[in-house]
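Visitor: Residue 356 in this note's numbering is what sits at position 233 of the sequence shown, and the numbering runs on without skipping anything.
Please read through the structure below; I'll follow up with questions.
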Amino acid sequence: MYGVGANNEFDARYIIPLNRFSKNVEYTNPIRKYNEMIGRTSYDISFLVLTEPEDICKDGGLVKKTLKPGDDKCQHFDDYDYVLVKYEARLDDGTLVKKSDDYGVEFTLNDGHFCPALSIAVKTMKIGEKVILTVKPQYGFGDKGKPAHHDEGSVPPNATLQIILEFVSWKEGPKEGPFRKMVLKEGEGDDCPNEGALVKLKLIGKLQDGTVFFKKGYSDGDEVELFEFKTDEEQVIDGLDKAVLTMKKGEVALLTITPEYAFGSSESQQELAVVPPNSTVYYEVELVSFVKAKEVSDMNTEEKIEAALKKRQEAEAFVYAAEYARASKRYQKALKFIKYDTSFPDEDREIVGLRHSCNLGNACCLMKLKDYERANKYFKDRLHDFNLKRIDTETLSANHRLRCRRKDANNYYLNVM
């Protein structure tokens with residue numbers, strides 16, 4: 124074969140005229156077409172790699188052909204990271220539309236650049252990879268086209284583009300919140316799971332070196348067991364829990380979750396591998412389906428009381444296990460159902476007593492966590508009901524003894540009184 128050197132690698136020293144290739148050779152077609160468009164009669168075969176065309180979006184609208192392979196090292200970047208690319212975009216007749224400078228162009232995948240095809244394609248590429256993209260109007264400039272602007276040529280309506288794209292590098296964008304997400308496939312509609320929703324996922328969890336520590340929802344057989352959990356119930360790590368709340372049905376996303384919102388500073392034995400301490404983890408998630416929990420605003424009084432009692436019982440179990448952070452979260456969820464509400468009768472002793480015990484229990488948990496400012500808030504909320512004399516002293520004393528057994532909490536309680 125022309126241009127093949129030692130070790131079966133392409134040798135950049137060989138420059139071969141395009142007419143030396145047979146017209147029937149499939150793998151030369153995209154290269155020949157592009158070079159014919161721009162009037163080039165020769166090129167460096169070191170860029171030619173024999174790969175099948177990839178239909179990125181599975182609808183024929185964006186087809187990728189690899190010219191130069193990238194780095195095989197595992198890479199994890201998301202929609203808010205910065206990518207640096209070089210590209211050259213032309214119409215089917217070879218007319219130049221736009222070309223990046225020698226340095227390239229930097230942008231975030233979330234913001235995009237030039238046309239939607241660039242952000243979509245980069246997500247499928249590796250550092251150093253060079254490809255040619257055939258871009259149909261739906262991933263280019265649609266049925267409106269694009270007028271000429273400064274050094275950019277115009278794009279007619281419903282025009283197909285040919286884009287040579289090279290992925291040069293990437294760097295992290297600002298880190299905020301418990302997770303960072305890169306959407307690989309958009310979901311359906313605008314609805315997302317709410318707190319307490321039952322969600323079903325396809326899920327793969329990986330370490331930074333590519334080690335898979337969890338995999339569910341993928342099978343060679345007909346029966347596929349999806350991964351399911353209830354959101355906001357601490358059934359999964361915090362970052363995954365919160366990320367799913369932002370997803371739509373059918374959405375596929377890559378998540379980057381830092382140790383603080385993953386498995387923390389302790390080693391964690393997972394289904395397929397051990398997650399070392401202080402590990403950033405990566406998940407590929409597909410939200411297959413979800414059933415939303417009933418919103419508080421749609422509940423009647425009896426349903427609200429029942430839900431609050433359940434959360435309080437869960438909180439008390441965590442208190443006895445000395446898991447005060449988790450207990451505090453349960454008390455707060457209970458209070459969401461029975462906050463001051465015009466739908467509750469003013470003298471409903473059951474609701475007032477339940478609200479009082481949750482405020483008091485949460486305050487004592489926060490005391491144990493040395494979060495004195497927030498503890499003071501819940502003590503004051505508890506006193507609101509007491510000052511209105513909606514509960515008797517005997518009930519107050521019993522609830523206090525149950526949740527504030529430690530001497531420091533008792534002393535603080537007496538001081539507030």
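From the three backbone atoms N, C-alpha and C, an ideal C-beta is built for every residue, glycine too.
Going by CA-CA distance only, name the one from Gly296, Leu492, Arg497 and Tyr501 that's closest to leucine 483.
Guide: Ranking Gly296, Leu492, Arg497 and Tyr501 by Cα distance to leucine 483 puts Tyr501 first.
Visitor: Among Thr247, His273 and Phe237, whose alpha-carbon lies nearest the alpha-carbon of tyrosine 262?
Guide: Out of Thr247, His273 and Phe237, Phe237 has the C-alpha closest to the C-alpha of tyrosine 262.
Visitor: Note down the Cα distance separating lysine 116 from leucine 458, rounded to an integer number of angstroms.
Guide: In the structure displayed, the chain extends from 124 to 540; residue 116 sits before or after that span and is not available.
Visitor: Just to check my reading of the structure: alanine 430 and alanine 320 have Cβ atoms closer than 8 Å, yes? What is that Cβ distance to the nearest angstrom?
Guide: The pair is not a contact, with the Cβ atoms about 14 Å apart (cut-off 8 Å).
Visitor: Counting C-beta neighbours from all protein chains within 10 Å, is the total for histidine 479 16 or more, i.e. buried, or is it exposed?
Guide: That one is buried.
Visitor: Under three-state DSSP, which class holds lysine 209?
Guide: Here lysine 209 sits in strand by DSSP.
Visitor: Between the C-alpha atoms of proline 239 and alanine 444, what's the straight-line distance to the nearest angstrom?
Guide: One C-alpha to the other measures close to 52 Å.
Visitor: Checking 8 Å against the spacing of the C-beta atoms, do aspartate 355 and aspartate 361 come in under that value?
Guide: No, Cβ-Cβ distance for aspartate 355 and aspartate 361 is not below 8 Å.
Visitor: Please report how far the alpha carbon of arginine 435 lies from the alpha carbon of valine 335, in whole angstroms.
Guide: Near 37 Å, if we compare the C-alpha coordinates of valine 335 and arginine 435.
Visitor: Is the region 187–203 close to the region 269–285, with three or more CB pairs under 8 Å?
Guide: No: fewer than three Cβ pairs fall under 8 Å.
Visitor: Could you tell me which of Ile287, Val220, Lys196 and Gly265 sits nearest to leucine 241, measuring between CA atoms?
Guide: Here the closest residue by C-alpha is Ile287.
Visitor: DSSP on alanine 320, reduced to helix/strand/coil?
Guide: Residue state, collapsed to three classes: coil.
Visitor: Can you grab the Cα-Cα spacing for the pair aspartate 332 / leucine 256, in whole Å?
Guide: Distance between the alpha carbons of aspartate 332 and leucine 256 is about 29 Å.
Visitor: Are serine 412 and proline 400 touching if we call contact CB-CB under 8 Å?
Guide: No; because the gap between Cβ atoms is not below 8 Å, this pair is not in contact.
Visitor: Let me confirm a value: leucine 378 is counted as buried when at least 16 other C-beta atoms fall within 10 Å, else exposed. Which label applies?
Guide: Buried is the call here.
Visitor: Please say whether valine 254 and threonine 283 have beta carbons closer to each other than 8 Å?
Guide: No, the pair does not count as a contact, with Cβ atoms beyond the cut-off.
Visitor: Please classify aspartate 361: does DSSP put it in a helix, a strand, or coil?
Guide: Correct three-state label for aspartate 361: helix.
Visitor: If we require 4 or more residues per run, which alpha helix (DSSP H) segments fall completely within the region 401–430?
Guide: Runs found: none.
Visitor: Just to confirm the assignment, what range does the beta strand (DSSP E) spanning phenylalanine 352 have?
Guide: From DSSP, the beta strand (DSSP E) with phenylalanine 352 extends over 350–353.
Visitor: Note down, in chain order, each residue of its chain lying with its Cβ closer than 6 Å to the Cβ of lysine 456, except the 5 sequence neighbours on either side.
Guide: Here the set comprises Lys434.
Visitor: Please look up how many angstroms separate the CB atoms of tyrosine 205 and tryptophan 293, rounded, as I've assumed it's under 8 Å.
Guide: Yes, tyrosine 205 and tryptophan 293 are in contact; Cβ-Cβ is about 6 Å, under 8 Å.
Visitor: Could you give the distance in angstroms between the alpha-carbon of alanine 438 and the alpha-carbon of asparagine 499?
Guide: Straight-line Cα distance between these residues: approximately 19 Å.
Visitor: Would isoleucine 327 and tyrosine 406 qualify as a contact pair, given that the criterion is a beta-carbon distance under 8 Å?
Guide: Taking 8 Å as the Cβ cut-off, isoleucine 327 and tyrosine 406 qualify as a contacting pair.
Visitor: Could you give the distance in angstroms between the alpha-carbon of leucine 349 and the alpha-carbon of glutamate 275?
Guide: Going from the Cα of leucine 349 to the Cα of glutamate 275 covers about 48 Å.
Visitor: Taking alanine 396 as the reference, give the member of Phe337, Lys246, Asp194 and Lys267 with the closest Cα.
Guide: Nearest option by C-alpha distance: Phe337.
Visitor: From the DSSP output, in three-state form, read off serine 451 for me.
Guide: In the structure shown, serine 451 sits in a helix (DSSP, three-state: H, G or I).
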